[in-house]
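Have a look at the structure below, then the notes.
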Amino acid sequence: MIIYILKKIVTFLFIICVLAQISFCLVYFVPQSTFSHLTFIDAYSAFFKQLLQGQFRLVSGETLPFLDTLLSTFELCILALLVALLVGLPLGIFLGLSNINWLNVAIRLASLIFYSCPIVMLATIVMYYLSSTWPISIKFDISPSVTGRSLLEILISSRPDKLTALLDQLHYLFLPTIILAIQPSIMTIQLVSENVKNTSRQNYIKMAIIRERSPFKVLRRHLLPNSIPATIPQLTYNTTTLLFFTMLIEILFNRIGLGQWVMMAYRNHNYFIISIAILACGTVISLLTLLGEITAIAIYPLRHKEHYV
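Per full-length UniProt numbering, residue 1 is the first one in the sequence shown, and the count goes up by one each step.
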């Protein structure tokens, strides 16, 4: 298992290196680049020095916080996936094992309605009806120093009101996370229910039902370990769509992240920021995929041997 995880980490680092090279070429050859007055070697060294520092400096003197922006977007994606798992796993297991036809049809119909609803329209409707009762999520002039750029920054800070800042940030992230988690939750319900239903029809599950006295032991020992780990990597296959929706939510709720970054770049025709955003988007997608693979292996270590059977 350790060798498998190390291979995945090496593959992730290789992808990041390739994306960094592509991003540097785009940054170096764009019009009005900050590295245009440098030689190729000096520009290459300066680019990766700024990348390791987590900040890029523009011609105008403005500083782009690469790592802070990346962390904010990645944090919102992770929170949405966690909510999707907390909601989707129980409903998916129930839907896969339930024989109540009308309830199964109701859950599938509700999932289909929410899945077909555009996330922009849904977010706009929620913001309209909750604008008077949820002011912190609709207030567009919130300073990052007040709310904090991310939960991790607040946790590692030495500020005395850390608990209050965490609660304020979680209150601010509640609505964006819930709206962003709707479609991943629906996908989790569908995938888990199909995997649980297919696994429950296998012969070894029928033998386990005969041998085990408690149905909960069959569920815990045999059914879930053989159906849930196969679902987690499938959720990370649509990380591109999740990242796109995350950027939309960041724009709608005026949250600092890749969404605000890319919108500002396109509005000002700043190709330098667009080039760096390509690296940031690729990093978030690759990191989410890596975490999905590692989580699946940690839950069920024998899963990676299926590729060699």
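A virtual CB, placed ideally from N, CA and C, is assigned to each residue, including glycine.
Kindly list the residues whose CB is nearer than 8 Å to the CB of residue i, restricted to its own chain and excluding five residues on each side of it in sequence; keep chain order.
i, result
"residue 30", "271, 272, 275"
"residue 120", "248, 252"
"residue 154", "148, 162, 165, 166, 169"
"residue 218", "205, 208, 209, 212"
Assuming residue i contacts residue j (C-beta within less than 8 Å), just tell me the rounded distance between them.
i, j, result
"residue 277", "residue 265", "6 Å"
"residue 184", "residue 84", "4 Å"
"residue 95", "residue 107", "6 Å"
"residue 126", "residue 175", "7 Å"
"residue 56", "residue 66", "6 Å"
"residue 359", "residue 199", "Missing from the structure shown is residue 359; the chain here goes from 1 to 309 and no further."
"residue 186", "residue 114", "6 Å"
Go through its chain and collect everything with a Cβ distance to residue i's Cβ below 7 Å, but skip five positions before and after it.
i, result
"residue 43", "28, 35"
"residue 263", "251"
"residue 151", "75, 166, 169"
"residue 143", "Caution applies to residue 143, whose pLDDT of 41 falls short of 50 and renders its modelled position unreliable; the value that the coordinates give is listed next. Here the set comprises nothing."
Quick check on residue i: does DSSP put it in helix, strand or coil?
i, result
"residue 64", "strand"
"residue 257", "coil"
"residue 44", "helix"
"residue 87", "helix"
"residue 73", "helix"
"residue 228", "coil"
"residue 98", "coil"
"residue 193", "helix"
"residue 200", "helix"
"residue 140", "For residue 140, the predicted model reports a pLDDT of 44, less than 50, meaning its position is unreliable; a value from the coordinates is still stated below. Here residue 140 sits in coil by DSSP."
Which stretch, first to last residue, makes up the beta strand (DSSP E) that contains residue i?
i, result
"residue 57", "55-57"
Locate the alpha helix (DSSP H) running through residue i, then write down its first and last residues.
i, result
"residue 275", "271-299"
"residue 240", "239-252"
"residue 160", "Careful: residue 160 lies outside any alpha helix (DSSP H) and carries neither H nor E."
"residue 203", "203-211"
"residue 127", "119-130"
"residue 112", "101-116"
"residue 181", "Careful: residue 181 lies outside any alpha helix (DSSP H) and carries neither H nor E."
"residue 20", "2-29"
"residue 35", "Run containing residue 35: none; DSSP gives neither H nor E here."
For residue i, would you say it is in contact with chain C, using Cβ-to-Cβ distances shorter than 9 Å as the test?
i, result
"residue 158", "Note that chain C does not occur in the displayed structure, where there is just one protein chain."
By Cβ distance, which residues of its chain are closer than 6 Å to residue i, with the 5 residues on each side in sequence left out?
i, result
"residue 139", "Caution is warranted here: a pLDDT of 45 is assigned to residue 139, below 50, making its placement in the model unreliable, and no coordinate value can be reported."
"residue 286", "12, 15"
"residue 2", "none"
For this session: Please confirm if the segment 221-238 is in contact with the segment 37-49, defined as three or more CB-CB distances below 8 Å between the two stretches.
Result: With the cut-off at 8 Å, the segment 221-238 and the segment 37-49 do not touch.
For this session: Take every Cβ of the segment 240-251, pair it with every Cβ of the segment 175-189, and state whether three or more of those distances are shorter than 8 Å.
Result: Flag = yes, the segment 240-251 and the segment 175-189 touch.
Exercise. Okay, do the segment 187-206 and the segment 84-91 touch, 3+ Cβ pairs below 8 Å being the bar?
Worked result: At 8 Å Cβ cutoff, the stretches touch.
For this session: Could you tell me whether the segment 252-263 touches the segment 64-84, where touching means 3 or more Cβ pairs closer than 8 Å?
Result: Contact between the segment 252-263 and the segment 64-84 is present, because at least three Cβ pairs lie under 8 Å.
Exercise. Are three or more beta carbon pairs between the segment 8-23 and the segment 281-294 nearer than 8 Å?
Worked result: yes
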